[in-house]
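Numbering-wise, the working numbering puts 652 at position 301 of the sequence shown, and it's gapless, one number per residue.
Where is the CB? At the ideal position from N, CA and C, for every residue including glycine.
These numbers come from a predicted model, not from an experiment.
Please read the structure below before turning to the comments.
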Amino acid sequence: SNMQRILITGGLGQVGSYLVDALHEKAEVTVLDNFSSTTRETVPREISIIKGDVRDRIAADLVKQNDIIIHTAAQISVTASMEDPLSDAHNNVFGTLNLLEAARRSPTSKFVYISSAAVYGDPLYTPITESHPQDPLSPYGTSKLSGEKYCMMYHKAFGLPSCCIRPFNIYSPRQDPDNPYSGVISRFIDKARTKQSPVIFGDGNQTRDFISVHDIVDMIMLLLENEEANGQVFNAGTGNSTTVSELAHMILDIFGVDVPVQYMPERPGDIKYSCSDISKAREILGFEPKVLLREGLMEFEEIK
Ligand code: UD2
């Protein structure tokens, strides 16, 4: 067929699975995944799903057979990266480089890389612009930054049409609350469903820029059709921040649960304030986040 062929690495993960939903009717989608994710739903059956590792030969072969590569597969845990930096780097650095090397030798029309706001480390100012210093505090932030730098270097040196996004705190109902690496939203919702108190680490005044996975998918769709985006990095956030305490109360309110909030000591290594500046994505991509936090949280009520 003359449909575009799109390879989504990590297509069973949180971002990848929503991308499959958005793209499978418009393009010929192939998923490469190592089946390590614990997301809650699977992709439609007509998709070709290949079990494999981004570092292996199969990954390079798949890159060559597709037009567009969306690389979402990664070691995603900050904690795991602290315990085993080598394994984190093998996945995030060498895996990315393996795909880039294959793309360099094939007519790839777009290579999208999912980086992370973790590349900024402890923010010196908010809202955080893309030019904010990048001093990661974890092997994970370092490996993500490294993957990004390779993508940008392949654009400069080899003309590869690559672009990167730096997501802030992504949430969706497919994030499994039982996974110890799941975000605060999944955890608070899990508590609310069982009428237990959400546990706040610290005073609850810390802020985060929570972005719905649907807005992340929207931004990636915009990247696919924008050539000016090549060789560029974009913050993927909403530009708004919410305190963890506000979040806890919003969730209790949505679920109609009347329990007190519980406080525990601050989590070591936590950053205090985080909020993205998304002017660049607005200007170049015409990106506008559409999902308000409260609306995005209502979506969790639907899948029990
Ligand atoms: C996010 C990313 C992480 C990395 C990091 C870089 C997620 C899930 N994690 O970590 O991968 O990119 O940013 O800075 O997006 N909290 C509570 N109670 C709980 C759980 C968390 O109070 O039960 C607090 C936690 O102490 C923190 C805030 O909520 O202050 C957000 O925690 P998180 O684990 O959702 O995400 P974060 O920003 O630490």
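Check, Outcome
"Alpha helix (DSSP H) segment containing Leu-448, residue limits", "446 to 455"
"Simplified DSSP assignment, three categories, for Met-503", "helix"
"Where the alpha helix (DSSP H) through Lys-641 begins and ends", "Careful: Lys-641 lies outside any alpha helix (DSSP H) and carries neither H nor E."
"Close Cβ partners of Ile-567 (< 8 Å) along its chain, the five nearest in sequence each way excluded", "Val-366, Tyr-369, Ile-516, Pro-518, Ile-521, Ala-587"
"C-beta contact flag for Ile-401 and Val-463 at 8 Å", "no"
"Anticipated Cβ contact below 8 Å, Ala-440 with Ser-388, distance rounded", "In fact, because the Cβ distance is near 20 Å, the residues do not count as touching under 8 Å."
"C-beta atoms of Ser-497 and His-506 nearer than 8 Å", "no"
"Which of helix, strand or coil DSSP assigns to Ala-378", "coil"
"Start and end residues, beta strand (DSSP E) containing Pro-611", "That residue, Pro-611, is in no beta strand (DSSP E); it is neither H nor E in DSSP."
"Those runs of the beta strand (DSSP E) which lie wholly inside the segment 532 to 593 and span at least 3 residues", "550 to 552, 561 to 563, 583 to 587"
"Between the CA atoms of Val-595 and Ser-548 - distance to the nearest angstrom", "14 Å"
"Secondary structure of Asp-418, DSSP reduced to three states", "coil"
"Beta-carbon proximity of Thr-589 to Thr-558, cut-off 8 Å", "no"
"Pro-478 versus Asn-353: straight-line alpha-carbon distance, rounded", "43 Å"
"Between the CA atoms of Ile-357 and Arg-456 - distance to the nearest angstrom", "17 Å"
"Option nearest Val-550 by Cα separation, candidates Gln-583, Glu-617, Gly-510", "Glu-617"
"Beta-carbon proximity of Ser-470 to Ser-563, cut-off 8 Å", "Note that residue 470 is Val in the sequence shown here, rather than Ser. No; because the gap between Cβ atoms is not below 8 Å, this pair is not in contact."
"Cutoff 6 Å; reference Ser-466; Cβ partners in own chain excluding five residues on either side", "Lys-495, Glu-499, Cys-515, Arg-517"
"Sequence-distant residues of the same chain with beta carbon closer than 8 Å to Ser-399, five excluded per side", "Val-380, Thr-381, Val-382"
"Proximity test, Gly-553 beta-carbon vs the ligand UD2 heavy atom, cut-off 7 Å", "yes"
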